[in-house]
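Trainee:
Numbering (the numbering used here), first residue to last: 1023 to 1564.
1. Starting from residue 1360, trace the beta strand (DSSP E) in both directions and tell me its first and last residue.
2. So, for residue 1402: in the same chain, excluding its five sequence neighbours on each side, which residues have a beta-carbon less than 8 Å away from its beta-carbon?
3. State the start and end residues of the unbroken beta strand (DSSP E) segment that holds residue 1495.
4. Is the Cβ-Cβ distance between residue 1167 and residue 1125 less than 8 Å?
5. Determine which residues share a DSSP beta bridge with residue 1101 and list them.
6. Give the straight-line distance between the Cα atoms of residue 1256 and residue 1291, rounded to the nearest whole angstrom.
7. Residue 1233: buried (16+ other C-beta within 10 angstroms of its C-beta) or exposed?
8. What are the boundary residues of the alpha helix (DSSP H) that residue 1390 is part of?
9. So for residue 1325, helix, strand or coil by DSSP?
10. In the DSSP assignment, the beta strand (DSSP E) including residue 1158 goes from what residue to what residue?
11. For residue 1148, tell me which candidate among 1171, 1139, 1335 and 1138 has the shortest Cα-Cα distance.
12. Spell out the partners DSSP gives residue 1290 in its beta bridges.
13. Alpha carbon to alpha carbon, how far is residue 1484 from residue 1498? Give it in angstroms, no decimals.
14. Identify which residue in 1444, 1413 and 1414 has its Cα closest to the Cα of residue 1003.
15. Pairing CB atoms from the region 1220 to 1238 with CB atoms from the region 1088 to 1106, are three or more of them under 8 Å?
16. Which residue wins for smallest C-alpha separation from residue 1035, given the options 1284, 1101, 1109 and 1144?
17. What is the residue span of the alpha helix (DSSP H) that residue 995 lies within?
18. Just to confirm before moving on: does the CB-CB distance between residue 1355 and residue 1394 stay below 8 Å?
19. Please go through the same chain and pick out, in chain order, the residues whose beta-carbon is closer than 8 Å to the beta-carbon of residue 1333, but skip the five residues on each side of it.
20. Could you give the DSSP three-state label for residue 1036: helix, strand or coil?
21. Taking the beta carbon of residue 1494 as the centre, do at least 16 other beta carbons fall within 10 Å, making it buried, or is it exposed?
22. Could you tell me the alpha carbon to alpha carbon distance between residue 1430 and residue 1365, rounded to whole angstroms?
23. Tell me which same chain residues have a C-beta within less than 6 Å of the C-beta of residue 1184, skipping the five on either side of it?
24. What's the call for residue 1033, buried or exposed, on a 16-neighbour Cβ count within 10 Å?
25. Please go through the same chain and pick out, in chain order, the residues whose beta-carbon is closer than 7 Å to the beta-carbon of residue 1208, but skip the five residues on each side of it.
26. Please state if the CB of residue 1380 and the CB of residue 1359 are separated by a distance shorter than 8 Å.
27. On the DSSP bridge list, what partners appear for residue 1125?
28. Which word fits residue 1304, buried or exposed, when buried means at least 16 other C-beta atoms lie within 10 angstroms of its C-beta?
29. On the DSSP bridge list, what partners appear for residue 1505?
30. Ends of the alpha helix (DSSP H) at residue 1211?
31. Please identify the residue among 1314, 1247 and 1269 whose C-alpha is closest to the C-alpha of residue 1281.
32. Hey, residue 1423 and residue 1357 are a contact pair by Cβ (cut 8 Å); roughly how many whole angstroms apart?
33. Cutting at 8 Å between CB atoms, please list the residues of its own chain near residue 1162, excluding the five before and the five after it.
34. Decide if residue 1505 is buried, meaning its Cβ has at least 16 other Cβ atoms within 10 Å, or exposed.
35. Between residue 1074 and the ligand HEM, is the CB less than 7 Å from at least one heavy atom?
36. According to DSSP, is residue 1424 part of a helix, a strand, or is it coil?
Below you can see the structure in the form of structure tokens.
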């Protein structure tokens, strides 16, 4: 076959793929593409694989000029290293363009038929952008693209004339056409990117694949969480594009809105962001084109969920915890969520009326740090007495006299007592204590000495702290019981004797024995007395 005998429509169709041109030429002779190439001494397999020498020879035989060839090849997929394809001057993942299912617009195909002199399939031009996964609609006719055939083997799949021949009548009869649908801002944007290669939005800094992927995935999550499921709702790709094309501020706002809808007790980033999260964290994890989107999502995650230090989120981690939740605090202090929530409510860290699940009720970790440190030290009454080295009765006295105060009320938790208070009291004694002999009988326990001197244990302890009362410690002993005071020193703490005698003492002075006579005279109104507090007996008396 000579070039002059090749029956072929002289002009390639708009946006037509190079393999479609070859296939139409074969269809005009009612040959398969492989048989057609064989007659010309070409290899269909090498053409499908984009062999440069085969393409050049074929273009010459078909009479394609350099400009027509360049245009047709730009709407075809050209192999690149790393499982990539070049399409319209940009790199795309091979799966984006190489699906076994071939799509097209039946209306465009039928309108390309202009004569009965050539087989129908030889006149139908397959446009390159139909095979781009991100393209969903024909702008010329406002209809979704139709799946025309599914063939796994590339040599048969790209023999367009042969495949179209089987469905040509259905195409011409309109049986494959779909209903008209709304053309969205996304559809117009994608067409402009592919045809004019211009970009009026924030996506000007992105390649088409990245922009389309983010628009589609973000839109799907927005559609799932926010959009009304009605016929008037924009498709996911448009919903995502209208947000993402405006830039980082709008993307962050949408991510925060998605996060706010994940309100379940177990709802984390995977639930909130769905396929978008999986894409950024798994499928495209090593693709640096998506780093800025990972950064934005990570920002929202860190400001929404309680993330532990050094927990890796989308490739990076916080060295210091930013947020705590009721759940994370409970784990931190080894308490139940219920008790932890009561503690945080009492301390004013969280609001009692906040009904968010424990895992989602978050607050600034720095704000709660001192309280958490104290909560880790809290023990029960019995354990606190043990830490002090007192009996439970001795500890009760210290509590009653407010030497030791509970850190939290009993209605909040039974873990009321801060061991730091016990340590501080013992260290205060230790700093002032002198070593004493075990055989030295002058020294008695603080409680015993205070009782004999008729002063409170609190007064004695305050005097020790102030350096007014010497305190000793027997070597080898530990705890509160190890510290002793001299009884004689304790009497210096006793209050001075009242100037006025008691009613009984007055009776003795005037010769009336303590047989109740003086009291009887008082009761009968023959004596006057004043009711006063006696600091020695620590009781009220006359």
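A virtual CB, placed ideally from N, CA and C, is assigned to each residue, including glycine.
None of these values were measured; they are calculated from a predicted model.
Mentor: The relevant details are as follows:
1. First-last for residue 1360: 1359 to 1368, but that is the alpha helix (DSSP H), not the beta strand (DSSP E).
2. These residues qualify, in order along the chain: 1436, 1437, 1438 and 1439.
3. 1493 to 1496
4. yes
5. 1107
6. 25 Å
7. buried
8. 1387 to 1397
9. helix
10. It is not in any beta strand (DSSP E) - residue 1158 carries neither H nor E in the DSSP assignment.
11. 1171
12. Partner(s): none; residue 1290 has no beta bridge.
13. Cα to Cα, residue 1498 sits roughly 25 Å from residue 1484.
14. Any question about residue 1003 goes unanswered here, given that the chain covers just 1023 to 1564.
15. Per the Cβ contact rule, the region 1220 to 1238 is not in contact with the region 1088 to 1106 (fewer than 3 Cβ pairs under 8 Å).
16. Nearest option by C-alpha distance: 1144.
17. Coverage of the chain is limited to positions 1023 through 1564, which leaves residue 995 absent and any answer about it impossible.
18. yes
19. Cβ neighbours of residue 1333 beyond the five flanking positions: 1339 and 1340.
20. In the displayed model, residue 1036 falls within coil according to three-state DSSP, outside both helix and strand.
21. buried
22. 8 Å
23. 1054
24. exposed
25. 1237, 1259, 1260 and 1263
26. yes
27. 1169
28. By the neighbour-count rule (16 or more Cβ atoms within 10 Å), residue 1304 is not buried but exposed.
29. 1495
30. 1207 to 1217
31. It is 1247.
32. With a Cβ gap of about 29 Å, residue 1423 and residue 1357 do not count as contacting.
33. 1127, 1129 and 1130
34. buried
35. This structure does not include the ligand HEM; it has no bound ligands of any sort.
36. Three-state result, residue 1424: coil.
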